[in-house]
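Contents: one structure, followed by commentary.
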Amino acid sequence: MDIYVFTLFPEMFTGPMETSILKKAQDKGLFSLHLINYRDYSLAKHKNVDDSPFGGGAGMVLKPEPIYNAVEDNCPLQGKVILMSPQGQKFDQQLACELAKEESLSIICGHYEGFDERIRNLADYEVSIGDYVLTGGELPAMVVIDAVSRLLPGVLGEEESPLQDSFYNGLLEYPQYTRPRSFNGMEVPEVLISGNHKQIALWRRKESLRRTRERRPDLLENTNLTIEDKNMLAEIEREELAKDE
Ligand code: 9D3
C-alpha cells in the first residue's frame with residue numbers, strides 16, 4: 078500500500094513511523110509512506126497556506142490551492158483521500174478494515190485551523206479519532222496509519238493475527254497472567270495452572286464476557302452470542318448479584 082500524507086509538519090511522522098512493527102513493515106515493502114509538505118505547493122510570495130475567512134471573524138482558514146496542487150501532483154487517481162477533521166466520522170476498527178483494502182491512501186492534515194470548504198470536495202472520507210480537541214490532524218493521521226497498516230497481509234506474524242483482535246470478535250480481552258504464580262499476595266487463578274485446556278478456554282470466554290458486560294455493555298449489543306455465551310452471561314449475572322449480598 079502507498080500512503081501519502083499531506084501536512085505542514087512532516088517531521089512529526091518520522092519518529093513514530095520509523096519504530097517497531099511499522100518500521101519492519103516498511104522495510105519489508107508492505108507499505109510505503111510518502112510525506113508531502115503542502116507549503117511547497119503554495120503559490121504565494123511568502124509560501125503562506127492560510128488566510129483570513131471571507132465574511133470576517135477570528136482565526137485563519139487553510140487555502141484550497143496548496144492542498145489541491147499537492148494532492149493532484151502526487152496521488153494516484155484510484156486511491157482514497159481522507160481528510161482528518163474534528164467534524165469527521167468517528168474512526169473505528171470497521172473503517173480501518175475498509176481502508177486496508179485500498180491500493181493507496183492520501184491523508185490530509187490541517188493544524189488547528191479550519192479548511193476552506195472546497196477542500197472537502199477532494200475527500201472520500203472525513204475522519205475524526207474522537208471527541209477531544211487536538212492541535213492538528215497529524216497525530217490522528219498516525220492513528221489511522223497504525224491501525225490500517227497492521228491489517229495489511231504480512232505485517233503481523235501468525236501469533237498476533239488481526240483475527241485475534243478483541244474488536245474482531247466484539248468482546249474485550251480476558252485477563253492474562255505470567256510468572257510469578259504469587260506476586261505481593263496476588264495469586265494467578267488456579268484454572269490457568271491446571272493444564273486443562275478445555276476449562277481454560279471456558280474460563281477465558283467467561284471472563285471476556287464478564288469484562289465486556291462490566292466495562293463495555295454497548296459491545297454486547299452488536300455481537301453474535303452463542304447459547305453458551307448467553308448461559309455464561311446469566312451465570313455471571315447470578316455471581317455478581319451474589320457478591321452484592
Ligand atoms: C475551535 C475552532 N477550530 C480551531 C480554529 C476547530 C479546530 C480545528 C482543527 C480544532 C482543532 C483542530 C485540530 N484537530 C484536528 O485537525 C483533528 C482532530 C481533533 O482535534 N480531534 C480528533 N480527531 C481529529 S482529526 C483532525
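So the sequence shown is residues 78 to 322, counted in my numbering.
C-beta: ideal position from N, C-alpha, C; glycine also.
Subject >> Collapsed DSSP secondary structure at GLY92 in the structure displayed >> reply: helix
Original post:
Can you check whether the CB of GLN164 is closer than 8 angstroms to the CB of SER205?
Top reply: Between SER205 and GLN164, the CB-CB gap stays under 8 angstroms.
Original post:
Is it right to say SER183 is buried, meaning 16 or more other beta carbons lie within 10 angstroms of its own, or is it exposed?
Top reply: Label assigned to SER183: buried.
Subject >> Contact shell at 7 angstroms, judged by CB to any heavy atom of the ligand FMN, ordered along the chain >> reply: Absence of the ligand FMN is noted for the structure shown, with the ligand 9D3 being the only ligands found.
Original post:
Considering only residues of the same chain and omitting the five flanking positions on each side of PRO130, which have a CB-CB separation below 8 angstroms?
Top reply: GLY136, MET137, VAL138 and GLY191
Original post:
How big is the Cα-Cα spacing for PRO143 and ASP117?
Top reply: 8 angstroms
**OP:** Tell me whether ILE80 sits in a helix, a strand or coil according to DSSP, three-state version.
**Re:** strand
Original post:
Where do the ends of the beta strand (DSSP E) carrying LYS124 lie?
Top reply: Looking at the DSSP string, LYS124 is not in any beta strand (DSSP E), and its letter there is neither H nor E.
**OP:** With a threshold of 16 other CB atoms inside 10 Å of the CB of LEU120, please say whether the residue is buried or exposed.
**Re:** exposed
**OP:** Check each candidate in LEU286, GLU298 and ASN301 and name the one with the smallest Cα separation from GLU312.
**Re:** Its Cα nearest to that of GLU312, the residue LEU286 stands out among LEU286, GLU298 and ASN301.
Original post:
Thinking just about the alpha-carbon of each residue, which of PRO141, VAL225 and ASP79 is nearest to the one in GLY187?
Top reply: PRO141
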